[in-house]
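Novice:
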Amino acid sequence: MKQPNTPPLQSGSAARKLVLKALLLLLPFAGIVVLYFHDDPFMTLRRYPVYDSAVMLNEEMVGWNIYRNNRDSIPFNSFILGNSCTMAFPCRMWEQHLAPGDRAIRLFGNGESMRAIYLKLQALERDSAELKNVLLVLDGTSLSRSQVQSGYSFLLPPEVSGQSLVGVQLKLLQTFALPNFLFAYLRYRMTGTISSSMKYMNPYGRIRNPQNNDALNPRERLIDEQQEAYWRDRPKEFPPRPEQEVVAAPVIGDEQAQLLRQIAALLHRHRTKVRLIISPDYDQLKLNPADKAALDHLFGRGVVFDFSGINAYTADYHNYYERGHYRPILGERLLQAVYEEDEGGKSR
Amino acid sequence: MKTTAEILEALNGIFRHVLKNESLNLTETTTAHDVDGWDSLTNMLLISEVEKAFGVRFNFREIVKMKNVGDLCAAIANKMKP
Amino acid sequence: MSFISTEFACLFVLCFAVCYLVGQRFRKAVLLASSCIFIGYFHVGFLLVAVAVALFAYGAGILIEKTADRPGRQQVAFWGACLCLVLCWTGFRYAGKLTGTSVLFPLGISFYTFQALAYLTEVYWGEEKAERNVTDFLLYMLLFLKFLSGPIERPGNLLAQVKELRPATYPMMTYGAKLILVGLIKKLMIADHLGPYIDHVFASVHEASGVQLLMAALLYPVELYADFSGYTDMAVGGALLFGLRLSPNFDRPFTSQTTAEFWRRWHISLSSWVRDYLYLPLASVVRGWGQWGIAGSLLVTFVALGVWHGAGWTFVVYGLIQGIVIVWEQRTAKARNTLRDRLGNRLFTLLSQVRTYLVFALSLIFFKAQTLEEAFYYIGHLSFRVHSSWKEVSIGIPDRSCIVAGATLLLLLVYEHFMARGDVLQRLERQPAALRWALYYLFVFVLFAYGKFGTENFIYLQF
Numbered sequence: 005m006k007q008p009n010t011p012p013l014q015s016g017s018a019a020r021k022l023v024l025k026a027l028l029l030l031l032p033f034a035g036i037v038v039l040y041f042h043d044d045p046f047m048t049l050r051r052y053p054v055y056d057s058a059v060m061l062n063e064e065m066v067g068w069n070i071y072r073n074n075r076d077s078i079p080f081n082s083f084i085l086g087n088s089c090t091m092a093f094p095c096r097m098w099e100q101h102l103a104p105g106d107r108a109i110r111l112f113g114n115g116e117s118m119r120a121i122y123l124k125l126q127a128l129e130r131d132s133a134e135l136k137n138v139l140l141v142l143d144g145t146s147l148s149r150s151q152v153q154s155g156y157s158f159l160l161p162p163e164v165s166g167q168s169l170v171g172v173q174l175k176l177l178q179t180f181a182l183p184n185f186l187f188a189y190l191r192y193r194m195t196g197t198i199s200s201s202m203k204y205m206n207p208y209g210r211i212r213n214p215q216n217n218d219a220l221n222p223r224e225r226l227i228d229e230q231q232e233a234y235w236r237d238r239p240k241e242f243p244p245r246p247e248q249e250v251v252a253a254p255v256i257g258d259e260q261a262q263l264l265r266q267i268a269a270l271l272h273r274h275r276t277k278v279r280l281i282i283s284p285d286y287d288q289l290k291l292n293p294a295d296k297a298a299l300d301h302l303f304g305r306g307v308v309f310d311f312s313g314i315n316a317y318t319a320d321y322h323n324y325y326e327r328g329h330y331r332p333i334l335g336e337r338l339l340q341a342v343y344e345e346d347e348g349g350k351s352r
Numbered sequence: 036m037k038t039t040a041e042i043l044e045a046l047n048g049i050f051r052h053v054l055k056n057e058s059l060n061l062t063e064t065t066t067a068h069d070v071d072g073w074d075s076l077t078n079m080l081l082i083s084e085v086e087k088a089f090g091v092r093f094n095f096r097e098i099v100k101m102k103n104v105g106d107l108c109a110a111i112a113n114k115m116k117p
Numbered sequence: 142m143s144f145i146s147t148e149f150a151c152l153f154v155l156c157f158a159v160c161y162l163v164g165q166r167f168r169k170a171v172l173l174a175s176s177c178i179f180i181g182y183f184h185v186g187f188l189l190v191a192v193a194v195a196l197f198a199y200g201a202g203i204l205i206e207k208t209a210d211r212p213g214r215q216q217v218a219f220w221g222a223c224l225c226l227v228l229c230w231t232g233f234r235y236a237g238k239l240t241g242t243s244v245l246f247p248l249g250i251s252f253y254t255f256q257a258l259a260y261l262t263e264v265y266w267g268e269e270k271a272e273r274n275v276t277d278f279l280l281y282m283l284l285f286l287k288f289l290s291g292p293i294e295r296p297g298n299l300l301a302q303v304k305e306l307r308p309a310t311y312p313m314m315t316y317g318a319k320l321i322l323v324g325l326i327k328k329l330m331i332a333d334h335l336g337p338y339i340d341h342v343f344a345s346v347h348e349a350s351g352v353q354l355l356m357a358a359l360l361y362p363v364e365l366y367a368d369f370s371g372y373t374d375m376a377v378g379g380a381l382l383f384g385l386r387l388s389p390n391f392d393r394p395f396t397s398q399t400t401a402e403f404w405r406r407w408h409i410s411l412s413s414w415v416r417d418y419l420y421l422p423l424a425s426v427v428r429g430w431g432q433w434g435i436a437g438s439l440l441v442t443f444v445a446l447g448v449w450h451g452a453g454w455t456f457v458v459y460g461l462i463q464g465i466v467i468v469w470e471q472r473t474a475k476a477r478n479t480l481r482d483r484l485g486n487r488l489f490t491l492l493s494q495v496r497t498y499l500v501f502a503l504s505l506i507f508f509k510a511q512t513l514e515e516a517f518y519y520i521g522h523l524s525f526r527v528h529s530s531w532k533e534v535s536i537g538i539p540d541r542s543c544i545v546a547g548a549t550l551l552l553l554l555v556y557e558h559f560m561a562r563g564d565v566l567q568r569l570e571r572q573p574a575a576l577r578w579a580l581y582y583l584f585v586f587v588l589f590a591y592g593k594f595g596t597e598n599f600i601y602l603q604f
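Laid out in structure tokens, this is it:
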């Protein structure tokens, strides 16, 4: 039985009903999206002169934006790359070991992967940045990561990763809409206070330098105030360490080696002065000699400095904020050791 | 000139033989769906045996048009008409 | 455009809105225009090839019908047209391999070529009348909802519906919307969470450990199913919003107890195509050869099915495995029945399902590997030995993804179990509005929060 030719109004009414219901369904989500675009909680939709926030921002994007903000006024030619242990190397401190006039900026990432480092170097290359000096601060974990991890803190800016802006924003929107962030954020918005239990929130105020992305770790001030009591009151953050030195299993496989080769080639192209520091991690896990040899082979002699394992640097707990990060006083000693040959040998 | 009932009985025998199932009992409305083991894979085997038994030959289109045993009986009867 | 992209969402919403605003007369034109935009968006060449093939099939169909009174001529027309279509398809398929240049394989060509072949065959057999209306025929061939990865539509189903193009009723629309949601869940919460890690293992076969190879092979059927059936749900659901009912493609394939049954439940539009247009005619021709005829026809049919997926020996072996196993199942039917009596129905059913799954997983190794050597290496190095830890066994899938994918999979199994008993989505309609809306909000939110956005390629896109 053939249906008569239905006039537009009648057949349209089913469609209209569906559309209205769909809009109703999406209303709360629309609210979230509007809030996201209005507040720009992760500071990625618009450019800001200073990147202070009550929200724990994505370091990759903040670092890159700080670079973009300042690259016209400050001639950056020296780059600190690596994981969050780069906090022990303030730019001014590093610049003292470089040629006069060299200006540094820290472009790190939390739990950084080698892939992210390579992508950043490529992005800097595309941006016609002068890659005169590069300081890589890594450990075994960073060397093993040949792919960028998924998750909010690992999101790279579109200019670096090549992902579409829409794709990146959708991921950020997803993070924003998740209950564990959304509720904490809404509570903060309404009450103006941040409790320590709130995930993704930053109760410490300013934690970075707006020109070169140096870390301003609030714990440094705590140490100044509390002195020895700081370490005494935090036994959980300083677990006991092994008696004998433990050597880690090798982490550089074919994929990692290939990536490192590409990084080394890029830096070689720009005749960059490279220094690669294997962090003196608190757990005193020694980098596998095979990995050290691979790195020496790829980057050349006098470039890679392995401070891991049981040694004078890792022995003193006063050098550490907690088991994951060490302080600039240790960073300074490391830089002196790294540039010792240069400075001792040649005349300035 | 065979009657439908005779054809049906002969088919029963053939199906039981090919599908190796002695307890089969076909009716005019039986389809492949109702019989264990009768599917597109064994269909051609059955058709082949049926053709040999009745001395007829179907063409492909005729085979595909048969939806149940009743259709098969009718087709066989038709083919056997002088 | 991928189904999961802002561009497609825009196109779909726009097409839907315009369709229902312009009324019956222009609806076909709107759908056809949208389809052309969709196809041409990837590359104008794809659109040109698709339209050319469609017009060719259109002309051939009319010619075949016109020569019905002259069987000799008709045969030439039919076989000639089929040969041209197949040559065109294989030409594109092997062009890259032969000339060494990178020739873009036109999107969806495997699907619409087979659809055209089905159409011509039905016209040749006199089952279908040749379509005289160009717009209707073009829409039948190019409809954007089924263009990417099927289902392969028979003229009796889609062409007939396209000609009438009745507007969707409200219940059809809500059913379609729900189906789209189901498809999105399957794709974003199962397939995309597992996909990258399985791909990674298959891409670096020599670096992976034995147990990693094993895990990737065991998980791949699940990922493939979630991906492909998710796409199909979205296609079918989307079509329902326009009042079109596409053919089903899946029917709980992993409940199959034999590989023969599996292929009646997996990629149904393709397997029924090869059954109706390859196997049955072949088996009919060689039916005098008894069991050997059946076996031969099966092998040819399934090798063709394998080769449909791609150029290369791996696809031949993929198809061959299906064929060999089905032939073996045929021959050993009696033995299996006695085993069933011995073990009891429940246990035997379970073992059969596991066996069918494992056979499929094994054949998929050939499907996914790049070369035969790689596939044999893969199989040779499967092992149960775990060298380091859970991290090795989980092939790098983050715990969060494991949990999300696992939980969703469980939910999917429950959903499909109840769908077999009686349409769950329709039963949902009868529940009070509060419950329904609560569920909608829950699923949309969960999808948004836990779905893996970003990996947008559907696996069957490459065909």
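Chains as they are written, first to last, in this note's numbering: chain A, 5 to 352; chain B, 36 to 117; chain C, 142 to 604. We put the beta carbon where it would ideally sit given N, CA and C, even for glycine. Values in this document were obtained by computation on a predicted structure and should not be read as measured data.
Rounded to a whole number of angstroms, what is the C-alpha to C-alpha distance between L480 of chain C and F489 of chain C?
Specialist: If I take the Cα positions, the gap works out to 8 Å.
Novice: With the cut-off set at 8 Å, would you say P45 of chain A and F180 of chain A are in Cβ contact?
Specialist: Yes, the pair counts as a contact, with Cβ atoms nearer than the cut-off.
Novice: Could you check which residue in C:A174, C:K270 and C:R428 has the C-alpha nearest to that of K87 of chain B?
Specialist: The residue with the shortest Cα to Cα distance from K87 of chain B is C:R428.
Novice: Can you check which of these residues, C:A590, C:L569 and C:S175, is closest to L580 of chain C by C-alpha distance?
Specialist: Nearest option by C-alpha distance: C:L569.
Novice: Along the chain, where does the alpha helix (DSSP H) that runs through A510 of chain C open and close?
Specialist: First-last for A510 of chain C: undefined, no H or E at that position.
Novice: Please classify L28 of chain A: does DSSP put it in a helix, a strand, or coil?
Specialist: Three-state result, L28 of chain A: helix.
Novice: Does any residue of chain C have a CB that is nearer than 8 Å to the CB of K141 of chain A?
Specialist: The question names Lys, yet the displayed sequence has Val at residue 141 of chain A. It does not; no Cβ of chain C falls within 8 Å.
Novice: Taking the Cβ atom as the reference point for each residue, do T107 of chain B and I435 of chain C lie within a distance shorter than 8 Å?
Specialist: The displayed chain sequence assigns Leu, not Thr, to residue 107 of chain B. Contact flag unset, no.
Novice: DSSP three-state call for L140 of chain A: helix, strand or coil?
Specialist: Strand at L140 of chain A.
Novice: Thinking C-alpha only, which one of A:M47, A:L263, A:D346 and A:Y325 is nearest E241 of chain A?
Specialist: Measuring from the Cα of E241 of chain A, the nearest candidate turns out to be A:Y325.
Novice: Below 7 Å between beta carbons is the criterion; list the residues of the stretch 62–80 of chain B that meet it against any residue of chain C, in chain order.
Specialist: Under the 7 Å Cβ criterion, the stretch 62–80 of chain B contributes G72, S75, L76, M79 and L80.
Novice: Could you give the DSSP three-state label for G86 of chain A: helix, strand or coil?
Specialist: Here G86 of chain A sits in strand by DSSP.
Novice: Using the three-state DSSP reduction, which class does L175 of chain A fall into: helix, strand or coil?
Specialist: What sits at residue 175 of chain A in the sequence shown is Lys, not Leu. K175 of chain A falls in the helix class under three-state DSSP.
Novice: When the cut-off is 8 Å and only beta carbons count, does W266 of chain C lie next to chain B?
Specialist: Interface residue, yes.
Novice: Sort out for me which residues DSSP pairs I282 of chain A with in a bridge.
Specialist: DSSP output for I282 of chain A lists A:L142 and A:D310 as bridge partner(s).
Novice: So with Cβ pairs under 8 Å, would you call E259 of chain A a contact of chain C?
Specialist: E259 of chain A counts as touching chain C.
Novice: Between which two residues does the beta strand (DSSP E) carrying A108 of chain A extend?
Specialist: First-last of the beta strand (DSSP E) with A108 of chain A: R107 to F112.
Novice: Residues of chain B with CB closer than 7 Å to the CB of L421 of chain C, please, in chain order.
Specialist: Neighbours of L421 of chain C on chain B, chain order: S75 and V99.
Novice: I think D218 of chain A touches R212 of chain A, with their Cβ atoms under 8 Å apart; what is that distance to the nearest whole Å?
Specialist: The pair is a contact, with the Cβ atoms about 7 Å apart (cut-off 8 Å).
Novice: In the stretch 495–525 of chain C, which residues sit with their C-beta less than 7 Å from some C-beta in chain A, listed in chain order?
Specialist: Those residues of the stretch 495–525 of chain C that come within reach of chain A (Cβ to Cβ, closer than 7 Å) do not exist; the list is empty.
Novice: Measure the CB-CB distance between A376 of chain C and I331 of chain C and report whether it falls below 8 Å.
Specialist: No, they are not a contact pair.
Novice: Does the beta-carbon distance from S148 of chain A to Q260 of chain A come in below 8 Å?
Specialist: Yes. Within cutoff.
Novice: E168 of chain A: buried (16+ other C-beta within 10 angstroms of its C-beta) or exposed?
Specialist: One point to set straight first is that residue 168 of chain A is Ser, not Glu, in the sequence displayed. S168 of chain A comes out exposed.
Novice: Listing by chain order, which chain C residues have their CB less than 7 Å from the CB of I111 of chain B?
Specialist: Correct list: empty, because the minimum Cβ distance to chain C is about 16 Å.
Novice: Whole angstroms are fine: how far does the CA of W407 of chain C sit from the CA of E364 of chain C?
Specialist: So the two alpha carbons sit approximately 14 Å from each other.
Novice: Tell me, to the nearest whole angstrom, how far the beta carbon of I256 of chain A is from that of Q288 of chain A; I am working on the premise that it is less than 8 Å.
Specialist: Actually they do not touch by this definition, with Cβ atoms about 20 Å apart.
Novice: For K95 of chain B, decide whether its Cβ has a neighbour in chain C, counting only Cβ atoms nearer than 8 Å.
Specialist: Position check: residue 95 of chain B holds Phe in this sequence, whereas Lys was assumed. So yes, F95 of chain B belongs to the interface.
Novice: Only counting the same chain, and skipping five residues up and downstream in sequence, which positions put a Cβ closer than 7 Å to that of L608 of chain C?
Specialist: Chain C is shown only over 142 to 604; residue 608 of chain C falls outside these bounds and no answer can be derived.
Novice: In this structure, how does DSSP classify H450 of chain C when only helix, strand and coil are distinguished?
Specialist: The answer is helix: DSSP assigns H450 of chain C an H, G or I state.
Novice: Just to make sure I have the definition right: I need the residues of chain B whose C-beta is within less than 7 Å of the C-beta of K475 of chain C. Which are they?
Specialist: Simply K55.
Novice: Would you mind listing the beta strand (DSSP E) stretches within the stretch 34–90 of chain A that are 3+ residues and don't spill past its ends, in chain order?
Specialist: Here the runs fully enclosed are 80–86.
Novice: Does any C-beta atom of chain C lie closer than 8 Å to the C-beta of L29 of chain A?
Specialist: Yes, its Cβ sits closer than 8 Å to a Cβ of chain C.
Novice: Check V264 of chain C in the structure and name its three-state DSSP category.
Specialist: V264 of chain C: helix per DSSP, three-state reduction.
Novice: Ordered along the chain, which non-local residues of its own chain (more than five positions away) have a Cβ less than 8 Å from that of G349 of chain A?
Specialist: Low confidence applies here, because G349 of chain A scores a pLDDT of 45, under 50, leaving its location unreliable; read the following figure in that light. Excluding residues within five positions, none has a Cβ falling inside 8 Å.
Novice: What residues in the stretch 261–275 of chain A bring their beta carbon closer than 8 Å to a beta carbon of chain C?
Specialist: Those residues of the stretch 261–275 of chain A that come within reach of chain C (Cβ to Cβ, closer than 8 Å) do not exist; the list is empty.
Novice: Name the residue from C:A195, C:L162, C:W230 and C:S370 whose alpha carbon lies nearest to the alpha carbon of L550 of chain C.
Specialist: With distances taken between Cα atoms, L550 of chain C lies closest to C:S370.
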